[in-house]
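Undergrad:
Chains as they are written, first to last, in the working numbering: chain R, 1 to 294; chain B, 1001 to 1278.
1) Please go through the same chain and pick out, in chain order, the residues whose beta-carbon is closer than 8 Å to the beta-carbon of residue 172 (chain R), but skip the five residues on each side of it.
2) List in chain order: all unbroken alpha helix (DSSP H) runs of 4+ residues lying wholly within the region 65–104 of chain R.
3) Between the region 1186–1197 of chain B and chain R, which residues of the former have a C-beta closer than 7 Å to a C-beta of the latter?
4) Am I right that residue 1276 (chain B) and residue 22 (chain R) are in contact with their C-beta atoms under 8 Å? What's the rounded C-beta distance?
5) Closer than 9 Å between beta carbons: that is the criterion. Which residues of the region 1106–1121 of chain B meet it against chain R?
6) Given residue 98 (chain R), which residues of its chain have a CB within under 8 Å of its CB, disregarding the five upstream and five downstream residues?
7) How about the region 226–237 of chain R and the region 148–161 of chain R: do they share at least three Cβ pairs that are nearer than 8 Å?
8) Give every residue of the same chain whose Cβ lies closer than 7 Å to the Cβ of residue 1171 (chain B), excluding the five residues on either side of it in the sequence, and list them in chain order.
9) Report yes or no: is there a C-beta of chain B within less than 8 Å of the C-beta of residue 136 (chain R)?
10) How many whole angstroms separate the CB atoms of residue 1244 (chain B) and residue 1223 (chain B), which I take to be in contact at a CB cut-off of 8 Å?
11) Report the residue from R:134, R:178, R:174, R:209 whose alpha carbon sits nearest the alpha carbon of residue 188 (chain R).
12) What's the C-alpha gap between residue 1230 (chain B) and residue 1075 (chain B)?
13) Is residue 1138 (chain B) closer than 8 Å to residue 1239 (chain B) when the C-beta atoms are compared?
14) If the cut-off is 9 Å on Cβ atoms, which residues from the region 1245–1278 of chain B count as contacting chain R, listed in chain order?
15) Is the beta carbon of residue 16 (chain R) less than 8 Å from the beta carbon of residue 1272 (chain B)?
16) Count the other C-beta atoms from every protein chain shown that fall within 10 angstroms of the C-beta of residue 73 (chain R), then say buried if there are 16 or more, exposed otherwise.
17) So for residue 1172 (chain B), helix, strand or coil by DSSP?
18) Along the beta strand (DSSP E) that carries residue 19 (chain R), what are the first and last residues, could you check?
19) Between residue 1172 (chain B) and the ligand ATP, is there a pair consisting of the residue's CB and a ligand heavy atom that are separated by less than 7 Å?
20) So what's residue 116 (chain R) in DSSP terms, helix, strand or just coil?
21) For a test of the three-state rule: what should DSSP assign to residue 126 (chain R), helix, strand or coil?
22) Between the Cα of residue 1143 (chain B) and those of B:1197, B:1063, B:1215, spot the shortest distance and give me the residue it belongs to.
23) Need the endpoints of the alpha helix (DSSP H) that residue 1257 (chain B) sits in, please.
24) Which residues share a DSSP beta bridge with residue 248 (chain R)?
25) What residue range does the alpha helix (DSSP H) around residue 1064 (chain B) cover?
26) Which residue marks the beginning of the beta strand (DSSP E) containing residue 193 (chain R), and which one marks its end?
27) Give the range of the alpha helix (DSSP H) segment to which residue 1234 (chain B) is assigned.
28) Is the distance from the Cβ of residue 84 (chain R) to the Cβ of residue 224 (chain R) below 8 Å?
29) Please confirm whether residue 1040 (chain B) and residue 1104 (chain B) have their CB atoms less than 8 Å apart.
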């Protein structure tokens, strides 16, 4: 699709039986004193354990199998959407692709310049002014001076914060903060673009403006992987959908086919409200629902 | 919409797959020294934003402490101020800002960067380097106190003072290692920082910081077994115009080598899990 920069070799993503489990530490597992005490007592009896979708290890250390033998390949021109219930492993997969979560089970190969949009406030310091955050962002990405200046001008005009740009971010309304975060996060032009669903947040006026910028960003990327609950958006942007369930790929195929099957399945599972909910989630949901189910 | 940004050229290309080793982490950290410097500088700037004196508040409190402690302890230990005050000012600076603060802050170096660790892929060593930069800046602000006292009593160490530089390099390595070591352990066990604080408190009393090792006389044979003593001495002695004892240097280097190895081993074990722990 896009062949900008002919000297860059073709990017690709390849996962072979990639599995990832992570510890969820709570209660006394966080305490060294209690952990030591417990290991002494361990021989006496074993804890009863919890049964919340993961193998239980010890009393307060929950080992969650977030990704389970995931295999897929992606090459230039592919726009892949990740769908599935909350807790199906979409965000974990995105974080693993971004290199934040690591696992030695199976293999994950990513070739190409990668940029991940995981959190609108990534690397931002709320006590710094908007402008200082822009400069910090330039440092994070090790930009040359000329580009840092261009970035500052670009973000300043896009975010449209007026005089607020020179005030600390903690004084911003949530909408303003998202605008700044969005403007920054969408400035790079990577070969591989990884996006979490947060980019759907923001008011309607901003949405239109944001969409133009996103479209531009997506057009520049060779490979895009995005998680979203909004089927219309996924239908429009994606060529391929990975349907995740319990950390596994349940279905992988052309966007329209997988989405239809998915919606049917969701409608079948929980009679009436679910599909409707699934559709309305598209506008405005920014991941708060993540906490409610699973 | 045309892309407003010029082609997004980075001097540093995001390597993919990301380096999954301790060595890769350290190499990447070195490549990002400018980011570490900015972050460290911003930390200091933010801590004192809105106060007229800025980081010099610390300097001022050091001056007050030096004046009161100097007079009191010189009387208690029956030493004259001319001998004692230069010693105390250097000692206090090195212990407080060079050792205690760095160790205590190293406990939270990863947990405090939780947000960026979970959303941007960066080497963990970056947080360690940032902490060193931040504390280096604070030390530089407080350097004024001993310099003022040296000038007052005309107690300049002379060229021997430069011998403290290798010691400071060793300290930087140890400080970096402390971040990797305590930073990862404290991310896993959240009750560890107060324990570290308590240990530091004890170490302060049993290490010759406000008292001189010579005051113990022959009874001071055990001092060398307190790792803080040789480490403090290799930097402090030259600053006070003495060449540090050879045993002291050997033990300081030995302790550092062992500590750095232990830190690297710990980090090797914890690195891939840190993102889950913070």
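Yeah, the Cβ is synthetic: ideal placement off N, Cα and C, and Gly gets one too.
TA: Taking the coordinates as given:
1) 130, 161, 164, 180
2) 90–97
3) 1189, 1190, 1191, 1192
4) 4 Å
5) 1115, 1116, 1117, 1118, 1119, 1120, 1121
6) 114, 116, 118, 194
7) no
8) 1098, 1235
9) yes
10) Not quite, the Cβ-Cβ distance comes to about 13 Å (not below 8 Å), so this is no contact.
11) R:134
12) 27 Å
13) no
14) 1271, 1272, 1273, 1275, 1276, 1277
15) no
16) exposed
17) helix
18) 12–25
19) In the structure on display, the ligand ATP does not appear, and there are no ligands present to speak of.
20) strand
21) coil
22) B:1063
23) 1246–1277
24) R:245
25) 1056–1077
26) 192–195
27) 1228–1239
28) no
29) no
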